[in-house]
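So that you can map any letter, position 419 of the first sequence is 419 in UniProt numbering, and since no number is skipped, the others follow by simple counting. All C-beta atoms, glycine included, are put in the ideal place defined by N, C-alpha and C. This structure is a prediction, so every number in the text was calculated from the model and none was measured.
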Amino acid sequence: MASDPGRCILHLDLDAFFAAVEQRDKPSLRGRPVVVGGLGARGVVSTASYEARVFGARSAMPMSEARRRCPAGTAFLSGRYEAYRTTSRVVMEILRSRSPLVEQVSVDEAYVDLAAAEDPPGWEEGRLEAWCSDLLAQIQDATGGLTASVGVATSKMMAKLASEMDKPAGTTVVRPGEELGVLHPLPVRAVAGVGPATAARLRTFGVETVGDLARVSESDLVAIFGTAQGTSLHRLARAQDERPVVVEREAKSISSEETFETDVTDRAVLESELARLAEGLSRRLTGASLFARTITVKARHHDFSTVTRSASLPFATGDPAVILREGLHLLGGLDVSQGLRLLGLGVSGLTAHAQEELALDGVLLHPEVLPELPDVVSVGPGTGSVPGLLERREPALAGRRPGGWSTGQDVAHEQHGAGWVWGSGRGRVTVRFEGPGTPPGPVRTFAADDPELSPAPPPAW
DNA sequence: TCTGGGGTCCTAGGACCC
DNA sequence: TCTGGGGTCCTAGGACCC
Numbered sequence: 001m002a003s004d005p006g007r008c009i010l011h012l013d014l015d016a017f018f019a020a021v022e023q024r025d026k027p028s029l030r031g032r033p034v035v036v037g038g039l040g041a042r043g044v045v046s047t048a049s050y051e052a053r054v055f056g057a058r059s060a061m062p063m064s065e066a067r068r069r070c071p072a073g074t075a076f077l078s079g080r081y082e083a084y085r086t087t088s089r090v091v092m093e094i095l096r097s098r099s100p101l102v103e104q105v106s107v108d109e110a111y112v113d114l115a116a117a118e119d120p121p122g123w124e125e126g127r128l129e130a131w132c133s134d135l136l137a138q139i140q141d142a143t144g145g146l147t148a149s150v151g152v153a154t155s156k157m158m159a160k161l162a163s164e165m166d167k168p169a170g171t172t173v174v175r176p177g178e179e180l181g182v183l184h185p186l187p188v189r190a191v192a193g194v195g196p197a198t199a200a201r202l203r204t205f206g207v208e209t210v211g212d213l214a215r216v217s218e219s220d221l222v223a224i225f226g227t228a229q230g231t232s233l234h235r236l237a238r239a240q241d242e243r244p245v246v247v248e249r250e251a252k253s254i255s256s257e258e259t260f261e262t263d264v265t266d267r268a269v270l271e272s273e274l275a276r277l278a279e280g281l282s283r284r285l286t287g288a289s290l291f292a293r294t295i296t297v298k299a300r301h302h303d304f305s306t307v308t309r310s311a312s313l314p315f316a317t318g319d320p321a322v323i324l325r326e327g328l329h330l331l332g333g334l335d336v337s338q339g340l341r342l343l344g345l346g347v348s349g350l351t352a353h354a355q356e357e358l359a360l361d362g363v364l365l366h367p368e369v370l371p372e373l374p375d376v377v378s379v380g381p382g383t384g385s386v387p388g389l390l391e392r393r394e395p396a397l398a399g400r401r402p403g404g405w406s407t408g409q410d411v412a413h414e415q416h417g418a419g420w421v422w423g424s425g426r427g428r429v430t431v432r433f434e435g436p437g438t439p440p441g442p443v444r445t446f447a448a449d450d451p452e453l454s455p456a457p458p459p460a461w
C-alpha cells in the first residue's frame with residue numbers, strides 16, 4: 001500500500017530563510033540580490049535570496065563563484081544567527097500551537113503531524129487548503145512578513161516533495177492515492193537518501209526516474225546498495241514511508257570545526273585551535289548536562305582529503321582538559337607537514353552522567369590514578385594540565401581571529417542610533433542606519449575602534 | 001581565492017567474549 | 001583444537017541532509 005489515508009503530515013520550509021530575515025530587517029535590501037554565507041576566502045553560500053538565484057547563486061556554492069555571478073549592488077552578508085534562531089522560534093511555536101507533534105528538522109524546516117492536531121483539517125478539498133493558507137498568513141504576520149512553503153501528504157517524504165513543488169509561498173497537497181503519480185516522474189534524487197553518489201550509481205543501471213527505480217527488484221537493490229539502503233530505496237520508490245514525526249531526538253554527537261583562511265602547518269597554531277574547540281565543546285556539554293566517552297579529531301588536508309581519528313575513554317567526561325589532551329594525542333598521530341585546511345573536534349558516546357572512574361580487572365580506579373595508565377588522560381582543572389598551552393595560545397591566534405566587524409552585523413551608535421555594518425576594512429567600518437521600523441537612512445564611515453560604536457542585539461521578532 | 005559547519009546513519013573489519 | 005558462529009564494541013570512512 002502506497003499510502004495510509006489516516007496519516008496526514010505537513011512539511012514547512014521557510015523561503016530563502018536567512019536572506020529573507022536580512023531583507024526584513026534591512027529595508028534597503030528588499031528587492032535586491034542578497035547572499036548570506038562565509039565572507040572569507042573559503043566561504044560558501046548559506047542562502048541566496050530569490051533575486052540572487054536569478055544570477056545562479058545557490059546554497060553550498062563557493063562564495064567566490066557567487067561573487068562572480070552576481071551583479072554590482074548585491075549584498076554579501078555574514079549571518080546573524082541569533083536573529084535567525086529568534087525568528088525560527090516564533091514559527092515553531094505557531095506550529096506547536098496547531099499540533100503537539102512537531103518535528104523541527106533545522107532552523108527553517110519542520111514536519112507537523114496534522115492527524116494529531118486538536119482540530120485536524122482532514123483531506124477535504126478546500127478546507128485543508130484554507131487551513132494551510134491561514135497558517136502561512138499567521139506566520140507572515142508574526143514574523144514581519146516572512147513567507148513559507150508547505151506540502152501536505154500521507155508521509156514525510158511526500159510532504160517534503162510537495163513543499164518543494166510550489167516555492168516560494170506555495171501550498172501543495174498530495175492526497176491519498178495520488179502519491180505515485182506525483183513521485184514516479186521525478187528524478188531519483190527526489191527520494192530521501194539519494195544523493196549525487198547514489199544517483200550516479202543508479203544511472204549506470206539505466207535508472208533515472210523514481211519510476212525506473214520502482215521497477216528494480218528489492219534483491220537487486222540490496223545486492224547493489226546493502227541491506228539498509230537497498231530495502232529503503234525499494235520502499236521509498238513505492239511511496240512507502242512510515243517514518244513517524246518525532247518531537248525530540250537525543251543528540252548523538254557534538255562537534256565543532258574550523259576551516260582556516262590559509263592552510264596551517266604550525267602545530268602550535270593547531271594545538272591552540274584545538275584548545276579553543278575543546279573549551280567550546282565542554283561548554284556545550286555542560287549546557288546540555290551531558291558527558292562524552294569518545295573524542296574525534298578531524299583533519300582536512302591541503303588537497304581536501306579528510307581523515308578522522310577517534311578514541312574512546314574508559315569513562316565519560318565533560319572536562320575541557322580531558323577532551324583536549326585526548327585530542328592532542330590524536331592530532332599528534334597525524335601528518336600535518338603539507339598543511340591542514342580544516343581542524344575539527346567532536347565528542348560522542350554521550351551520556352547524562354559522568355563516570356570519571358573506571359573498573360579495570362575488578363578494581364575501581366579513580367581519575368587521580370589514571371595518569372599512570374598508558375593512553376589514558378589526566379583529569380585536571382581547566383587547560384592548566386597542558387603546560388604552556390594558554391601562554392602559547394594568544395600569540396598564536398593573534399592576527400588570525402577575525403575580530404573587528406562583520407558585514408550585516410547589528411550595531412548601535414551613540415549619536416546615530418541603530419544600524420548595520422555595510423562594510424569594513426583598513427581600520428574603518430561603514431554603517432547603514434536603518435532598521436525594520438526605520439526607513440533606509442544615511443551610510444556613515446567610522447574608525448573601527450570608534451568608542452561610540454558598539455555591537456547591538458538583533459531587532460526583536 | 002573551488003569546495004562551511006553542524007549533524008545522522010550505514011558499512012566493514014578486527015578485537016574480544018561466549 | 002584444522003576451527004564455527006553469534007553478539008557487541010571500537011575505529012575509519014563515506015554518503016547524505018540542511
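Contact between V44 and E22 is absent: CB atoms are separated by about 17 Å, not below the 8 Å threshold. Non-local C-beta neighbours of A251 in its own chain, meaning closer than 8 Å and more than five positions away in sequence, comprise A288, L290 and L350, ordered along the chain.
Under the three-state reduction of DSSP, F446 is assigned to strand. In the three-state DSSP reduction, A456 falls in the coil class, being neither helix nor strand. A299 carries a strand assignment under DSSP once its states are collapsed to helix, strand and coil.
Secondary structure in the segment 216-260: the alpha helix (DSSP H) runs of 4 residues or longer, each lying completely within the stretch, are 218-225 and 227-236 in chain order. Going by beta carbons, A110 and L128 fall outside the 9 Å limit. For T286, the enclosing alpha helix (DSSP H) covers residues R267 to G287. For T306, same chain residues with a beta-carbon under 8 Å away, outside a window of 5 residues either side, are K298, A299, R300 and L342 in chain order.
The alpha carbon of A460 has as its nearest neighbour, out of A83, D335, G31 and P5, the alpha carbon of A83.
Going by DSSP, A110 is part of the beta strand (DSSP E) stretching over E109 to D113. Under the three-state reduction of DSSP, S337 is assigned to coil, being neither helix nor strand. Per the C-alpha coordinates, the member of H353, T308 and L274 positioned closest to A321 is L274. Between the alpha carbons of E65 and A57 lies a distance of about 8 Å. Annotated as proximal: I295 and V347, with beta-carbon spacing under 9 Å.
Contact annotation: A41 and E261 have beta-carbon atoms nearer than 9 Å. With a beta-carbon spacing of about 15 Å, A159 and L14 fall beyond the 8 Å limit used to define contacts. Under the three-state reduction of DSSP, S424 is assigned to strand.
If you draw a straight line from the Cα of A200 to the Cα of A239, it is about 21 Å long. The beta carbon of G280 sits closer than 7 Å to the beta carbons of S256 from its chain, once the five residues preceding and following it are set aside; these are given in chain order.
Residue pairing of E103 in beta bridges, as defined by DSSP: Y111. Taking C-beta separations shorter than 7 Å and ignoring five residues to either side along the sequence, the partners of W131 in its chain run P121, following chain order. Counting along the chain, L324 sits inside the alpha helix (DSSP H) bounded by residues P320 to G332. Its Cα nearest to that of S282, the residue G318 stands out among F304, P314 and G318.
In this structure, V194 is the residue among V91, V194, E271 and L277 with its C-alpha nearest to the C-alpha of T231.
Along the segment 139-198, the alpha helix (DSSP H) occurs as fully enclosed runs of 4 or more residues at 156-164 and 179-183, listed in sequence order. Straight-line measurement puts the Cα of C70 at about 36 Å from the Cα of T204. Around R30, the same chain offers Q23 as residues with beta carbons nearer than 6 Å, after the five sequence neighbours per side are excluded.
Taking S46 as the centre and dropping the five residues before and after it, the same chain places the C-beta of F18, V36, G37, S59 and G79 closer than 7 Å to its C-beta, in chain order.
Its Cα nearest to that of L135, the residue M92 stands out among A115, P455, T265 and M92. In the DSSP assignment, R309 falls within the unbroken beta strand (DSSP E) covering T306 to T317. For G151, same chain residues with a beta-carbon under 6 Å away, outside a window of 5 residues either side, are H11, A159, A162, S163 and T172 in chain order. Spatial neighbours of L334 in its own chain (CB-CB distance under 6 Å, excluding positions within 5 residues in sequence) are listed in chain order as A299. In this structure, the alpha-carbon of D303 lies about 14 Å from that of T265. Per DSSP, S46 is one residue of the beta strand (DSSP E) stretching across V45 to A48. Just so you know, the alpha carbons of R53 and T74 end up roughly 11 Å apart.
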